[in-house]
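Chemist: Chains as they are written, first to last, in this note's numbering: chain A, 1 to 269; chain B, 1001 to 1310. Using N, Cα and C, we set each Cβ at its ideal position, and we do this for glycine too. The model shown is predicted, which means the values in this text are computed figures rather than measured ones. There's a structure below that I have some questions on.
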């Protein structure tokens, strides 16, 4: 890998690690309670005590950003994991067994590919209501098609390779071949897909939250903080700027990570 | 041959539309929750709920409900909005113009900044300028539309005061900022693809042959490199159409453009399910039809694509 590209990937991983750590430890960090209302400090600009300023109810923005990061990252990583797991399962089965199973699965994949499910997410979420679990399930069940397509193609390619044929000749069962010969070879692809999927999920989740379709009010979300920032754009620039920065840097880091994993995958093959 | 390919595409499109209607039905009627209560709202009386169930056939078997739903959708009868007490179809017709305006302005911006500019920059032969230009758009595209529009509004309306904070649809230049924001993501994709494709084409044997024939650089670029480079970027745009269209939602909400995106936003706030169902169907069908149209166009333009699908 290129040296500059590698250091960018390291930076990306570093940011994600710091963010995850800060989000996990946010209750123990010396920060105000993210839900504590203090109207005397409402809409105060960044200053010692409130490093990133406060919102219209005097709640500390840094504490809210970190509390939101916990929920947002949990949803993002779980839904991305679900996407890739589902894609790997369906794509792997289609690519490995071939025949009518592949034809049927490819048909389903094609249908899912051509229906713009993105449009229905808002409808589904507004009807079912919001909890972290329902968000993970809805986003996770909708976004698996890219992963399924790529895994299907790779599995079909691996299936014809010598080491898989050898394993078959030794009499290994389908399950053993899939788990011990094919799956390890898909690891790099799966990781790249997971990072890529996380970018999409985070974009989608934050967008939903921006529309008010994520965890209900007092619980902070990045999208909700962006919407608050938009409401107070003229009087409190820090709300929009800092939240936008955190969202952008995190998305950039995930994208960098996905590029890095992709490059590593190509370098290996 | 081409006719058969066209027929196949059409059948596929119809199947997709049917699927969209089915999904919309399941969202509206079969997701956990009482559709009558959802559609009439929380304050509905038991009598009106009963009447509604009878009228909509909710006491009938599912298949019957489904057929009725499909029938109404085909007749463009999308029901009434709960809040505005008006047909959803007429609401959509009324607000659609603004969205169409935004999307067209954005397509013009995309053609200018995402296609014309990178091609012209190639003629300048300044690799540094080219790199800077494409990096700029790629960096912009990292931010999702809702983040980018907030930042654009803050910078140009809040600090620089070049545009008013409240959106005025009668001012032509007021559309400029939202159009560019919406075009940022597809522009980044097309710029990257165009650059790599043009680069590849310029090193190909046929361009070398054209150089040997004595064509000028301008001719070579426009006649030989660009036509080959343009189809992949159009295909990429067709693939990302859903993202582009949903992006227009957010851009509208942030800038306060009164189109379909704001309509959807209001519907989400008010739990106005019929409006959301109608909008989902309209948007999904529009995205599918446009992307099918673009694919047919590509097949007409590019023999390589045609052969791929034959």
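Just confirm the distance between the C-beta atoms of residue 261 of chain A and residue 195 of chain A, as a whole number of angstroms; I'd bet it's less than 8 Å.
Modeler: With a contact defined as Cβ atoms closer than 8 Å, residue 261 of chain A and residue 195 of chain A qualify at about 6 Å.
Chemist: Should residue 1216 of chain B be flagged as near chain A, meaning a C-beta pair shorter than 8 Å?
Modeler: no
Chemist: For a test of the three-state rule: what should DSSP assign to residue 60 of chain A, helix, strand or coil?
Modeler: If DSSP states are grouped into helix, strand and coil, residue 60 of chain A belongs with the strands.
Chemist: Does residue 162 of chain A come out as helix, strand or coil in the three-state DSSP assignment?
Modeler: helix
Chemist: Quick check on residue 236 of chain A: does DSSP put it in helix, strand or coil?
Modeler: coil
Chemist: Output, in chain order, the set of chain A residues within a Cβ distance shorter than 9 Å of residue 1300 of chain B.
Modeler: Within chain A, no residue comes near residue 1300 of chain B; the closest Cβ sits about 20 Å away, beyond 9 Å.
Chemist: Can you find a C-beta in chain A that's less than 8 Å from the C-beta of residue 1170 of chain B?
Modeler: no
Chemist: Hey, does residue 1127 of chain B have any beta-carbon neighbour from chain A nearer than 8 Å?
Modeler: no
Chemist: If you reduce the DSSP assignment to three classes, tell me which class residue 47 of chain A lands in.
Modeler: In the structure shown, residue 47 of chain A adopts extended strand secondary structure according to DSSP, grouped into three states.
Chemist: Could you give the first and the last residue of the continuous alpha helix (DSSP H) run that contains residue 100 of chain A?
Modeler: Unbroken alpha helix (DSSP H) run through residue 100 of chain A: 99–114.
Chemist: I believe residue 53 of chain A touches residue 236 of chain A by the beta-carbon criterion, under 8 Å. Please report the beta-carbon distance rounded to the nearest angstrom.
Modeler: 7 Å
Chemist: From the DSSP output, read off the bridge partner residues of residue 1080 of chain B.
Modeler: B:1087
Chemist: CB-CB under 8 Å to residue 138 of chain A, same chain, minus the five flanking residues each way: which ones, in chain order?
Modeler: Only 121, 124, 125 and 128 meet the Cβ criterion.
Chemist: Evaluate residue 140 of chain A with the Cβ neighbour count: other Cβ atoms within 10 Å of its Cβ, from every protein chain shown; 16 or more gives buried, anything less gives exposed.
Modeler: buried
Chemist: Tell me where the alpha helix (DSSP H) around residue 15 of chain A begins and ends.
Modeler: 3–24
Chemist: Between which two residues does the alpha helix (DSSP H) carrying residue 1161 of chain B extend?
Modeler: Where residue 1161 of chain B is concerned, there is no enclosing alpha helix (DSSP H), given that its DSSP letter is neither H nor E.
Chemist: Whether or not the stretch 1268–1276 of chain B and the stretch 1070–1085 of chain B are in contact is what I'm after, with contact meaning three or more pairs of Cβ atoms, one per stretch, closer than 8 Å; do they touch?
Modeler: yes
Chemist: From the beta carbon of residue 1181 of chain B, is the nearest beta carbon of chain A less than 8 Å away?
Modeler: no
Chemist: Roughly how many angstroms separate the alpha carbons of residue 91 of chain A and residue 266 of chain A, rounded to a whole number?
Modeler: 20 Å
Chemist: Just the C-alpha distance for residue 1090 of chain B and residue 1246 of chain B, rounded to the nearest angstrom, thanks.
Modeler: 21 Å
Chemist: Which chain A residues are close to residue 1263 of chain B, counting only those with a beta carbon under 9 Å from its beta carbon?
Modeler: The contacting residues do not exist; residue 1263 of chain B stays about 12 Å from chain A at best.
Chemist: Taking the alpha carbon of residue 75 of chain A as the point to measure from, which residue in A:160, A:200, A:58 and A:62 has its own alpha carbon closest?
Modeler: A:200
Chemist: Which one or two residues does DSSP pair with residue 40 of chain A in a beta bridge?
Modeler: Paired residues: none, contrary to the question.
Chemist: So which residues of chain B does residue 237 of chain A contact, with C-beta pairs closer than 9 Å?
Modeler: 1154, 1158 and 1159
Chemist: Going by the beta-carbon positions, is the gap between residue 171 of chain A and residue 1146 of chain B smaller than 8 Å?
Modeler: no
Chemist: Determine the DSSP secondary structure at residue 995 of chain B, reduced to helix, strand or coil.
Modeler: It is not possible to answer for residue 995 of chain B, since the shown part of chain B is limited to 1001 through 1310.
Chemist: Compare the beta carbon distance of residue 1104 of chain B and residue 1255 of chain B with 8 Å and say whether it is the shorter of the two.
Modeler: no
Chemist: Excluding the 5 residues preceding and the 5 following residue 16 of chain A in the sequence, name in chain order all residues of the same chain whose CB lies nearer than 8 Å to its CB.
Modeler: 250, 253, 254 and 257
Chemist: Quick one: grab the DSSP three-state call for residue 54 of chain A.
Modeler: strand
Chemist: Below 8 Å on the Cβ atoms is my contact criterion, and I expect residue 37 of chain A with residue 59 of chain A to pass it. Report the Cβ-Cβ distance as a whole number of Å.
Modeler: 6 Å
Chemist: Roughly how many angstroms lie between the CA atoms of residue 1231 of chain B and residue 51 of chain A, to the nearest whole one?
Modeler: Their Cα atoms are separated by approximately 50 Å.
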